[in-house]
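In my numbering, the protein residues as written are 49 to 373. Cβ coordinates follow ideal geometry from the N, Cα and C atoms, glycine included.
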Amino acid sequence: MVADTDEVVRVEGVVKDFRPGFGLRRKRVLHGVTFSVHDGEIFGFVGPNGAGKTTTLKILMGLIRPTAGRASILGCDVRESEFRHQIGFLPENPYFYPYLTAREILDFYARLSGMPSALRRRRIPELLERVNLVHAADARLKTYSKGMLQRVGVAQALVHDPRVVFLDEPMSGLDPIGRKEIRDVILDLRAAGKTVLMNTHILHDVEMICDRVAIIVGGRIRHQGPVDAFLPEADVTTDVVLSQLPADAATRLEERFGLEMRGLGDRVELRIDDKHVGDLLGLALGAGARVVSVTPHRRSLEDLFLSTVRAPEVGPASGGGEEAA
Ligand SMILES: Nc1ncnc2c1ncn2[C@@H]1O[C@H](COP(=O)(O)OP(=O)(O)OP(=O)(O)O)[C@@H](O)[C@H]1O
Ligand SMILES: [Mg+2]
């Protein structure tokens, strides 16, 4: 068990090399990855395609071995097995036998985890309810849509009421309603005191539910910390849309505030530092413009993500663990 720390998952200096084929050079896909997930939090592990998220999760699940470094869950090295009944896992591309129904497949997984029948009879309807599949519980999975199958996958990961849940792209392929449903399931888990690590590149979902994130790019952690720390209040800009702004006034405003306006029919759109909004609006109204909308724009995780992915790789990351290679 975790002793004097609330770290539930710890990944320390993990390196992973793959040999793509016989005689081919080894390819390093994780370069000394270090991060930790605390008790009771929702942790977002985000990065572009091919960054190493699934590889890291496979190492945590004990499916593949790291080339170097250590990983532990609930204080146990991931090569051990006695803690495994306490973890749930949704793989990236789960496969379910198509001729079974959702109720049958959940019963199958509940049996696998050694759940007695009385408990299964209670737990499975509860889970079906939770992932909103009661109406389809007795239909074969081959008739399910992608979103429904994804929800079966999430229910499967939760069948034995695990303490720590690992989800590889839980929102993948879901429409906005499906994503909201999965977000609600994850928030319920946190409310019940569980710890969740999810791989994703849907940043909106991360902003909505995650407590902390790590951003991995090219097998290296580039940022790690509370989501709020990446969305500083001070860093606010405002989007302003004006109509009927005379062209000469537009040019003057662009020069004065060092901004660029984009035309949208008879409207112009601009982004301006928060502290100049009042001045800009005063001058624009004085020149005969009308205000269509004024929208504060917080710096989003997406902005950070894009700048991180595009930035060249340099030295050790802030707060992230580096560097083994
Ligand atoms: N078994 C393997 N053999 C060789 N290379 C592999 C193997 N598994 C993964 N890789 C490579 O490791 C890198 C990381 O892959 P990984 O699946 O961990 O990325 P990911 O962050 O999960 O991406 P995605 O968002 O697309 O799921 C990729 O370049 C991938 O090609
Ligand atoms: Mg992946």
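Gly162 sits in coil when the DSSP states are folded into three classes, being neither helix nor strand. In this structure, the CA atom of Gln204 is about 47 Å from the CA atom of Glu317. When only Cα atoms are considered, Val339 and Ala185 end up about 52 Å apart. Within its own chain, the residues whose Cβ lies closer than 6 Å to the Cβ of Glu229, once the five positions on either side in sequence are excluded, are Asn180, listed in chain order. By the Cβ-count criterion, Ser355 is exposed, with fewer than 16 other Cβ atoms from all chains shown falling within 10 Å of its own Cβ.
For Val207, no alpha helix (DSSP H) segment is defined, and its DSSP state is neither H nor E. Burial is judged here by how many other beta carbons sit within 10 angstroms of a residue's own beta carbon; Gly100 has at least 16 and is buried. Pairing Gly92 with Cys258 gives a Cβ-Cβ distance under 8 Å.
In this structure, the CA atom of Leu189 is about 23 Å from the CA atom of Met163.
Distance between Glu128 and Asp236, taken at the CA atoms: about 29 Å. Taking 8 Å as the cut-off, the Cβ atoms of Leu176 and Ala150 count as close. Secondary structure of Thr286 (DSSP, three-state): strand.
Between the stretch 283–291 and the stretch 114–133, the count of Cβ pairs shorter than 8 Å is below three; the stretches do not touch. Residue pairing by DSSP places Ala262 opposite Phe93, Gln272 in a beta bridge. Straight through space, the alpha carbons of Ser341 and Ser193 are spaced by roughly 39 Å. Annotation: the continuous alpha helix (DSSP H) that includes Leu328 extends over 325–334. Residue range 75–86 is occupied by the beta strand (DSSP E) that includes Val77, with no alpha helix (DSSP H) assigned at that position. Within its own chain, the residues whose Cβ lies closer than 6 Å to the Cβ of Cys124, once the five positions on either side in sequence are excluded, are Phe131, listed in chain order.
Note: Ala116 is bridge-paired with Val63 in the DSSP secondary-structure output.
With a threshold of 16 other beta carbon atoms within 10 Å, Pro274 falls short and is exposed.
Cβ-Cβ distances below 7 Å link Pro96 to His249, Val265, Val357 in the same chain, with the five nearest sequence neighbours on each side left out; the list follows chain order. Here the alpha carbons of Glu60 and Gly80 stand approximately 7 Å from one another.
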